[in-house]
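Enquirer:
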Amino acid sequence: MEKIAHKRRIVLVPLPLQGHVTPMMHLGKSLTLKGFSITVALGQLDQVSSWQHFPGFQFITIPESLPLSEVEALGPVEFLIKLNKTSEASFKNCISQLLIQQGNDIACIIYDDLMYFCEAAAKQFKLPSIIFSTASATHNFCVCFLRQLNPSKFLIDIEDPEIQNKVVENLHPLSYKDLPIAGFGPLERFVELCKEVVNRRTASAVIINTVSCLESLSLTRLQQEFGIPVYTLGPLHITAASTTYSLLEEDMSCIEWLNKQKPRSVVYISLGSIFDMGNKEVLEMAWGLCDSNLPFLWVIRDGVESLPEEVSKMVSERGYIVKWAPHIEVLGHPAVGGFWSHCGWNSILEGTAEGVPMICRPFQGEQKLNAMYVESVWKIGIQVGGEVERGGVERAVKRLMTDEEGADMRERALDFKEKLKASVRSGGSSYNALNELVNLLKTE
Numbered sequence: 019m020e021k022i023a024h025k026r027r028i029v030l031v032p033l034p035l036q037g038h039v040t041p042m043m044h045l046g047k048s049l050t051l052k053g054f055s056i057t058v059a060l061g062q063l064d065q066v067s068s069w070q071h072f073p074g075f076q077f078i079t080i081p082e083s084l085p086l087s088e089v090e091a092l093g094p095v096e097f098l099i100k101l102n103k104t105s106e107a108s109f110k111n112c113i114s115q116l117l118i119q120q121g122n123d124i125a126c127i128i129y130d131d132l133m134y135f136c137e138a139a140a141k142q143f144k145l146p147s148i149i150f151s152t153a154s155a156t157h158n159f160c161v162c163f164l165r166q167l168n169p170s171k172f173l174i175d176i177e178d179p180e181i182q183n184k185v186v187e188n189l190h191p192l193s194y195k196d197l198p199i200a201g202f203g204p205l206e207r208f209v210e211l212c213k214e215v216v217n218r219r220t221a222s223a224v225i226i227n228t229v230s231c232l233e234s235l236s237l238t239r240l241q242q243e244f245g246i247p248v249y250t251l252g253p254l255h256i257t258a259a260s261t262t263y264s265l266l267e268e269d270m271s272c273i274e275w276l277n278k279q280k281p282r283s284v285v286y287i288s289l290g291s292i293f294d295m296g297n298k299e300v301l302e303m304a305w306g307l308c309d310s311n312l313p314f315l316w317v318i319r320d321g322v323e324s325l326p327e328e329v330s331k332m333v334s335e336r337g338y339i340v341k342w343a344p345h346i347e348v349l350g351h352p353a354v355g356g357f358w359s360h361c362g363w364n365s366i367l368e369g370t371a372e373g374v375p376m377i378c379r380p381f382q383g384e385q386k387l388n389a390m391y392v393e394s395v396w397k398i399g400i401q402v403g404g405e406v407e408r409g410g411v412e413r414a415v416k417r418l419m420t421d422e423e424g425a426d427m428r429e430r431a432l433d434f435k436e437k438l439k440a441s442v443r444s445g446g447s448s449y450n451a452l453n454e455l456v457n458l459l460k461t462e
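Taking this note's numbering, I'd label the letters of the sequence shown as residues 19 to 462.
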């Protein structure tokens with residue numbers, strides 16, 4: 019472990035959602051291995067107690083932070099805009115108290131790009147700040163494009179089929195109709211949020227949980243756009259020595275079940291920590307999976323008891339259902355041969371790092387962009403869209419697991435696995451980027 023003359027403290031500020039907390043915790047672990055001390059600043063969350071098992075991490079709460087329960091009432095965009103307005107003053111108080119307690123020994127504030135209120139405190143107390151993005155470099159570049167939109171003009175232009183199918187400049191193969199704007203409410207407010215997110219303010223660098231071999235072109239463009247160093251440290255779950263952090267209780271019994279299955283025979287279905295499928299979709303999915311005659315491990319947040327008795331019995335004969343799984347351990351298990359995913363960026367990195375080809379079922383925002391890259395750019399998976407129906411589910415599963423096309427995807431996925439593993443080893447792109455970041459933090 020590299021020594022630092024005086025342990026210096028890094029303050030991490032994640033957005034309090036599983037998909038944002040997990041990579042931020044991985045970043046914290048990576049920095050502790052380099053000799054830094056870590057303070058994590060959180061909103062007032064029920065889950066805070068479940069994070070207290072991180073040895074050496076200090077946790078503080080940001081008082082008067084907006085509760086996550088407000089997301090449903092306000093919608094994601096209005097929630098984030100309001101969260102940033104209401105948290106700025108209380109976060110300044112947090113930093114003021116920390117500086118008193120730590121004897122001014124704060125090296126840097128690293129904050130999630132959606133928690134941009136943090137920069138005001140960094141500026142007031144003359145502390146270095148670094149922005150952390152949990153999304154892909156391509157999505158970051160896409161947000162840079164979206165902030166330039168004229169919302170009213172765009173909404174008129176996008177009615178034209180020719181415009182809909184036009185490829186967005188520097189974002190091939192993304193067309194205008196595929197821009198990640200659906201599900202975020204009025205476009206005008208979403209564009210306002212995009213402007214705030216990509217505003218670097220006084221930040222000295224940007225960290226992205228990605229790998230240069232996956233997104234070299236997007237990273238080059240993003241570096242030009244930002245004008246400050248961009249450090250690609252992904253996949254952070256490997257950089258952090260594979261320590262896993264979950265806000266949800268993991269059911270380890272599924273590993274015992276996987277141990278009894280043949281190599282690469284199991285389809286793993288996990289659609290993220292937020293999205294819940296409707297009853298009809300769950301039933302169609304269950305029938306399609308059973309009709310495929312392939313074993314499957316399925317994460318259903320409400321558990322097997324949420325299924326009708328006849329379906330539950332049928333599912334239990336062929337598959338295994340848990341409320342939440344040890345995600346990375348499952349993906350790395352030799353029995354798993356395919357991953358049905360919502361295509362959140364963490365899941366893409368975790369699946370690719372284990373060489374598992376994917377069935378992509380994106381729901382909104384960046385997930386659709388990620389799915390497009392999985393299918394059309396990296397060619398390590400297939401997309402399924404429209405309504406979930408049993409015949410489509412069966413066809414998708416067989417296409418990935420038993421067809422020659424699926425075998426080709428698996429071969430490419432295994433090739434990417436080797437590249438991602440190499441990136442975090444000595445001399446690899448992410449390994450070198452982490453050392454460059456540490457040098458920056460030492461000199462700030």
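Even glycine gets a Cβ: it sits at the ideal position worked out from N, Cα and C. Computed from a predicted model, the values in this text were never measured in an experiment.
Along the alpha helix (DSSP H) that carries W305, what are the first and last residues, could you check?
Expert: Position 287 of the sequence shown holds residue 305. Element bounds for W305: 297-309.
Enquirer: Run the CB neighbour count on H345, radius 10 Å, all protein chains shown included, and call it buried at 16 or more, exposed below.
Expert: For the purposes of this step, residue 345 is taken as the residue at position 327 of the sequence shown. With 16 or more other Cβ atoms within 10 Å, it is buried.
Enquirer: For the alpha helix (DSSP H) that contains G369, what are its first and last residues?
Expert: Residue numbering aside, residue 369 sits at position 351 when the sequence shown is read from its first letter. Counting along the chain, the alpha helix (DSSP H) containing G369 begins and ends at 363-371.
Enquirer: L164 and L197 look like a contact to me (Cβ under 8 Å); what is the Cβ gap, rounded to whole Å?
Expert: For the purposes of this step, residue 164 is taken as residue 146 along the sequence shown, with counting starting at 1. For the purposes of this step, residue 197 is taken as residue 179 along the sequence shown, with counting starting at 1. About 7 Å; that satisfies the 8 Å criterion.
Enquirer: Would you mind reading off the limits of the beta strand (DSSP E) that contains D175?
Expert: On the sequence shown, residue 175 is found 157 positions in, with the first residue counted as 1. Run containing D175: none in the beta strand (DSSP E); it sits in the alpha helix (DSSP H), 169-175.
Enquirer: So the beta strand (DSSP E) L458 belongs to, where does it begin and stop?
Expert: Here residue 458 refers to the residue found at position 440 when the sequence shown is read from its first residue. First-last for L458: 447-461, but that is the alpha helix (DSSP H), not the beta strand (DSSP E).
Enquirer: Does the contact criterion of 3 or more C-beta pairs under 8 Å hold for the stretch 197-212 versus the stretch 81-100?
Expert: The stretch 197-212, when compared against the stretch 81-100, does touch it at the 8 Å Cβ threshold.
Enquirer: Within 8 Å, do at least three Cβ pairs link the stretch 112-129 to the stretch 141-148?
Expert: Yes, they touch.
Enquirer: Can you name the start and end residues of the beta strand (DSSP E) that W275 belongs to?
Expert: Position 257 of the sequence shown, counted from the first residue, corresponds to residue 275. Where W275 is concerned, there is no enclosing beta strand (DSSP E), although the alpha helix (DSSP H) it sits in stretches over 271-277.
Enquirer: Inspect the beta-carbon positions of G410 and G337 and report whether they are closer than 9 Å.
Expert: Sequence index remark: in the sequence shown, residue 410 carries index 392 (1-based). Sequence index remark: in the sequence shown, residue 337 carries index 319 (1-based). In this structure, G337 does not lie closer than 9 Å to G410 by Cβ.
Enquirer: Whole angstroms is fine: what's the gap from S236's alpha carbon to I225's?
Expert: Within the sequence shown, numbered from 1, the residue matching residue 236 stands at position 218. Within the sequence shown, numbered from 1, the residue matching residue 225 stands at position 207. When rounded, the distance between both Cα atoms is 14 Å.
Enquirer: Quick one: what does DSSP say A223 is sitting in, helix, strand or coil?
Expert: Taking the first residue of the sequence shown as position 1, residue 223 is located at position 205. Reduced to three states, the DSSP call for A223 is strand.
Enquirer: Candidates G424, M303, A139: which alpha carbon is nearest T220's?
Expert: In the sequence shown, counting from the first residue as 1, residue 220 sits at position 202. T220 has its Cα closest to that of A139, out of G424, M303, A139.
Enquirer: Pick helix, strand or coil for S83, following the three-state DSSP scheme.
Expert: On the sequence shown, residue 83 is found 65 positions in, with the first residue counted as 1. Coil at S83, not helix or strand.
Enquirer: Below 8 Å on the Cβ atoms is my guess for H157 versus L387; work out the distance and round it to an integer in Å.
Expert: By 1-based counting over the sequence shown, the position of residue 157 is 139. By 1-based counting over the sequence shown, the position of residue 387 is 369. The pair is a contact, with the Cβ atoms about 6 Å apart (cut-off 8 Å).
Enquirer: In angstroms, rounded to a whole number, what distance separates the CA positions of A200 and Q119?
Expert: Working through the sequence shown from its first residue, we reach residue 200 at position 182. Working through the sequence shown from its first residue, we reach residue 119 at position 101. Their backbone Cα atoms lie some 45 Å apart in a straight line.
Enquirer: Select from T250, E327, S444, R430 the residue whose C-alpha is nearest the C-alpha of W396.
Expert: Counting from one through the sequence shown, the residue named residue 396 turns up at place 378. The residue with the shortest Cα to Cα distance from W396 is R430.
Enquirer: What does the alpha-carbon distance come out to for the pair N122 and L459?
Expert: Residue mapping note: residue 122 aligns to position 104 of the sequence shown, counting from 1. Residue mapping note: residue 459 aligns to position 441 of the sequence shown, counting from 1. Distance between the alpha carbons of N122 and L459 is about 15 Å.
Enquirer: Do L36 and I56 have their C-beta atoms within less than 9 Å of each other?
Expert: Against the sequence shown, residue 36 aligns to sequence position 18. Against the sequence shown, residue 56 aligns to sequence position 38. Sequence check: residue 36 is Gln here, not Leu. No, they are not a contact pair.
Enquirer: If we call anything under 9 Å between Cβ atoms a contact, is M16 one with Q401?
Expert: Shown here, the chain extends from 19 to 462; a query on residue 16 therefore has no answer.
Enquirer: What is the rounded straight-line gap between the Cα of I149 and the Cα of A223?
Expert: Locating residue 149 in the sequence shown gives position 131, where the first residue counts as 1. Locating residue 223 in the sequence shown gives position 205, where the first residue counts as 1. I149 and A223: Cα-Cα distance of roughly 6 Å.
Enquirer: Per DSSP, R27 is paired with what?
Expert: Against the sequence shown, residue 27 aligns to sequence position 9. DSSP, once it has assigned bridges, lists S55, I124 as partnering R27.
Enquirer: Less than 9 Å separating the beta-carbons of L51 and L30?
Expert: Numbered from its first residue, the sequence shown carries residue 51 at position 33. Numbered from its first residue, the sequence shown carries residue 30 at position 12. No, Cβ-Cβ distance for L51 and L30 is not below 9 Å.
Enquirer: Is it true that the stretch 343-358 meets the stretch 276-287, where meeting means three or more beta-carbon pairs spaced less than 8 Å apart?
Expert: With a cut-off of 8 Å, the stretch 276-287 and the stretch 343-358 count as touching, because enough Cβ pairs lie within range.
Enquirer: When you compare only the Cα positions, how much space is there between E423 and V186?
Expert: Along the sequence shown, one-based indexing puts residue 423 at 405. Along the sequence shown, one-based indexing puts residue 186 at 168. The alpha-carbon atoms of E423 and V186 are separated by roughly 29 Å.
Enquirer: Among residues of its own chain, excluding the 5 on either side of F159, which ones have a beta-carbon nearer than 8 Å to its beta-carbon?
Expert: Counting from one through the sequence shown, the residue named residue 159 turns up at place 141. The residues are N188, L189, S236, R239, L240, E243.
Enquirer: Using the C-alpha atoms, what's the distance from C308 back to N277?
Expert: As a first step, residue 277 must be located in the sequence shown, where it is residue number 259. As a first step, residue 308 must be located in the sequence shown, where it is residue number 290. The straight-line gap from Cα to Cα measures roughly 20 Å.
Enquirer: Taking P375 and H360 to be in contact with their CB atoms under 8 Å, please state how far apart those CB atoms are, rounded to whole angstroms.
Expert: For this step, residue 375 is matched to residue 357 along the sequence shown. For this step, residue 360 is matched to residue 342 along the sequence shown. About 16 Å; that fails the 8 Å criterion.
Enquirer: Mapping the DSSP letters down to three states, classify V406 as helix, strand or coil.
Expert: What you label residue 406 is simply residue 388 of the sequence shown in a count that begins at 1. In the structure shown, V406 sits in coil (DSSP, three-state: anything other than H, G, I, E or B).
Enquirer: The alpha helix (DSSP H) that contains S151, what's its start and end?
Expert: Taking the sequence shown and counting its residues from 1, the one referred to as residue 151 is at position 133. Here S151 belongs to no alpha helix (DSSP H); instead the beta strand (DSSP E) covers 147-151.
Enquirer: If you follow the alpha helix (DSSP H) that L242 is part of, which residue opens it and which one closes it?
Expert: For the purposes of this step, residue 242 is taken as residue 224 along the sequence shown, with counting starting at 1. Residue 242 is actually Gln in this sequence, not Leu. Start and end: 230-244.
Enquirer: Looking at C-alpha atoms only, which residue of N217, N297, E372 is the closest neighbour of I246?
Expert: By one-based count along the sequence shown, residue 246 stands at place 228. Nearest C-alpha to I246: N217.
Enquirer: Between the Cα of F135 and the Cα atoms of W363, E368, D178, A59, which residue gives the shortest distance?
Expert: Along the sequence shown, one-based indexing puts residue 135 at 117. Closest option to F135, Cα to Cα, is A59.
Enquirer: Report the three-state DSSP secondary structure of T156 (helix, strand or coil).
Expert: As a first step, residue 156 is located in the sequence shown; it is residue number 138 there, counting from the start. In the structure shown, T156 sits in a helix (DSSP, three-state: H, G or I).
Enquirer: Go ahead and pull the three-state DSSP assignment for L197.
Expert: Indexing the sequence shown from 1 puts residue 197 at position 179. Coil at L197, not helix or strand.
Enquirer: With a CB to CB cut of under 6 Å and the five nearest residues on each side skipped, what residues in its chain are close to Y129?
Expert: Counting from one through the sequence shown, the residue named residue 129 turns up at place 111. Closer than 6 Å at Cβ, skipping near neighbours: V31, C136.
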